[in-house]
Amino acid sequence: MALSKQLIFLFVLFSLLGCGRKESKEGIEVTILPNFFKLPSGGEVQFSADVSGTLNKGVTWEVTGPLGTSISTEGRFRAPLNAGGKTATLRAVSQEDPNTFGNASVSMTSFSKEIGETVPPGSDRLIVGGYTVRAGQTIDLNGDNLLDLISVNPSGPVTVYFGIGGAKFLKKAEIPVSEPSAVTMGDFVNTSGFVADFAIASRSEQAVKIIPGQPGSAQNSFTAPDPIPTLSLSLFPSALAAGRFHGDVESRNSDLAVGTEDGSILLFLQNRCVSCAQVDFSPQPAVTVGGKITQLVPADFNGDDLLDLAVLREGISDVLVFLGDGAGALSGPISIPFTSAPTSLAVGDFNDDEISDLAAAHAASNQVSISFGKGDGTFDPPRFTSVDSAPTSISTGDFNLGGKTDIAVALPASKAVLLLFGDGSGQFISKLQYDTGVAPLSLVPGFFTSFNSPQGFQSVGLIYISGTENKFYLLNNTST
């Protein structure tokens, strides 16, 4: 009988102790955010772990992946180089209960670097020779649905390169323009053809020249008309932007906004004429803001489906936003103040609320800022992120095929392009600093290849120009 009592006591004791087994404590859960992320090889991403059901919020991070994969004690994951197409698995193990953990995975992609064509010595800017309309169709300079490129030399000329597919380009023409200060793309000539035209601001001529697109193959020549259609300004132009400021969102025709060195905004509305095959604009009353205008960025900032205009001025620590009324008038401005002067602007939706936000580069303070739009034309105070050196050019796009808006920044002093990957909540939890080996002077994003992810996201490439080598290069995501 005493032996039976001992056996019962031991059974109860081992039951309470779990007989050596470690079962998860009831109520404790671990969740990793994000639970999936696409990251280019050599990049890093910050994961966070949420522990519920206990006061002990500590976790231990573990990772399984290709050689060189690592994760810090704070959840900072680093992908090795040349890991494109591979996957890593993460675990955050509860320090309160080692049998409870959360899982996440990282799909690692690859960037390719392609050498492009030579550009005239002194060229410092690139412009994508085309644009994508709402239906997803690419409108380009020669109508073959392949994006083209234009390089700008402040002393002249302006050079045209036709895209031939596979992120390759052919140099087609050098257009002599005296002191070109800005270039923009649009549909400026009333024709029935689906080709893009471009406008060139000439500082010395105080004018804007319109170069019509020319349908044909990439093997065809490209020539400027003689004479070139010209809009006289009597002011020194310093920035250009194209858009439908007349409010006719169904029309392909583009109006033209011109910023000048004395701080004037000149709006030219295109006169509607079906298949007139001519350049016909009506100037609107000038808006004066003061200071040299260096960039004009059109977007809908207040959600009324009418085009507005963000204005950047040299050395001034704010951005001015003018709201369009759809009839060619601009109201405002609304001022967005910064602690240091922005040097480049880009638009994107960084928090997935379908409202346009602003990204800015600040060369003087080695920072990048994000200003979230409120949907009425105003913005939240900017959030700043420090970078290694002075950023000069900023662009937005989905650069890691993750389906969210990312940021790319040129860092000439670091000879690098910095990619900040968004998570869709307004946070940039991941980055890749790509060593370019040369000083990138400007960045332009675009769909330069036909590569798509399995989720249907099209690869957005980045082309940057090197002033020291007089060439441009393409960075493109080439794996899923």
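Residue 681 is where the sequence shown starts when you use the numbering used here, and the numbers rise one by one after that. Beta carbons are placed, not taken as given, at the ideal position from N, Cα and C, and that holds for glycine. A quick note: this is a predicted structure, and the numbers were derived from the prediction, not measured.
{"Query": "Opposing strand residues paired with residue 776 [DSSP bridges]", "Result": "Answer by DSSP bridge pairing: none, since residue 776 is not bridged."}
{"Query": "Nearest neighbour of residue 796, chosen from 905, 744, 843 and 777 [CA to CA]", "Result": "843"}
{"Query": "Proximity winner among 961, 726 and 1030, relative to residue 870 (alpha-carbon distances)", "Result": "961"}
{"Query": "Same chain, Cβ closer than 8 Å to residue 1122, neighbours up to 5 away in sequence not counted", "Result": "804, 805, 806, 1072, 1073, 1090, 1144 and 1145"}
{"Query": "Enclosing beta strand (DSSP E) for residue 1086 [first to last residue]", "Result": "1086 to 1091"}
{"Query": "Best match in 722, 720 and 728 for proximity to residue 711 [C-alpha to C-alpha]", "Result": "728"}
{"Query": "Exposure label - residue 825; buried when at least 16 CB within 10 Å", "Result": "exposed"}
{"Query": "Beta bridge counterpart(s) of residue 1042 as assigned by DSSP", "Result": "1047"}
{"Query": "Boundaries (first-last residue) of the beta strand (DSSP E) holding residue 1111", "Result": "1108 to 1115"}
{"Query": "Nearest-angstrom Cα separation, counted from residue 742 out to residue 701", "Result": "Residue placement at residue 701 is flagged as unreliable, the pLDDT there being 35, under the threshold of 50; the coordinate-derived value follows with that caveat. Approximately 22 Å between the Cα atoms of the pair."}
{"Query": "Terminal residues of the beta strand (DSSP E) in which residue 822 lies", "Result": "First-last for residue 822: undefined, no H or E at that position."}
{"Query": "Cβ pair residue 1047, residue 1020 closer than 8 Å", "Result": "yes"}
{"Query": "Selected residue, minimal CA-CA separation from residue 882, among 905, 873, 903 and 910", "Result": "910"}
{"Query": "Residue burial classification, residue 1044 (beta-carbon count within 10 angstroms, cutoff 16)", "Result": "exposed"}
{"Query": "Helix, strand or coil at residue 1094 [DSSP, three-state]", "Result": "helix"}
{"Query": "C-beta contact flag for residue 887 and residue 850 at 8 Å", "Result": "no"}
{"Query": "Other residues of its chain near residue 963: CB distance less than 7 Å, five sequence neighbours each side excluded", "Result": "946 and 948"}
{"Query": "Residues that residue 1174 bridges to, as DSSP identifies them", "Result": "Residue 1174 lies beyond the range of the chain shown here (681 to 1160); nothing can be said about it."}
{"Query": "Sequence-distant residues of the same chain with beta carbon closer than 7 Å to residue 1084, five excluded per side", "Result": "1078, 1102, 1103 and 1104"}
{"Query": "Among 748, 862, 878 and 950, the one whose alpha carbon lies nearest that of residue 810", "Result": "878"}
{"Query": "Test item: CB-CB of residue 1169 and residue 799 under 8 Å", "Result": "No answer is possible for residue 1169: the residues shown for the chain start at 681 and end at 1160."}
{"Query": "Between the CA atoms of residue 1156 and residue 1210 - distance to the nearest angstrom", "Result": "No information on residue 1210 is available, as it lies outside the stretch 681 to 1160 that the chain covers here."}
{"Query": "Whole-Å CB distance - residue 919 paired with residue 862, under 8 Å assumed", "Result": "5 Å"}
{"Query": "Validate contact between the segment 830 to 843 and the segment 771 to 790 using beta carbons, cut 8 Å, 3 pairs", "Result": "no"}
{"Query": "Sub-8 Å separation of residue 760 and residue 749 beta-carbons", "Result": "yes"}
{"Query": "Pairwise C-alpha distance: residue 907 and residue 1150", "Result": "30 Å"}
{"Query": "Contact set for residue 915: own chain, Cβ-Cβ below 7 Å, skip 5 residues either direction", "Result": "886, 940, 942 and 944"}
{"Query": "Backbone secondary structure at residue 1081 - three-state DSSP", "Result": "coil"}
{"Query": "Cβ pair residue 835, residue 802 closer than 8 Å", "Result": "yes"}
{"Query": "Cα-Cα separation, residue 744 to residue 1099", "Result": "25 Å"}
{"Query": "8 Å Cβ cutoff met for residue 927 and residue 1006", "Result": "yes"}
{"Query": "Buried or exposed by the 16-neighbour rule on C-beta atoms within 10 Å, applied to residue 981", "Result": "buried"}
{"Query": "Status (buried if at least 16 other CB within 10 Å, exposed otherwise) for residue 1011", "Result": "exposed"}
{"Query": "Residue environment, residue 703, which counts as buried when at least 16 other CB atoms sit within 10 Å", "Result": "Per-residue confidence for residue 703 stands at a pLDDT of 49, beneath the threshold of 50, marking its modelled position as unreliable; the derived number appears in the next sentence. With fewer than 16 other Cβ atoms within 10 Å, it is exposed."}
{"Query": "Per-residue DSSP class, three states only, for residue 883", "Result": "coil"}
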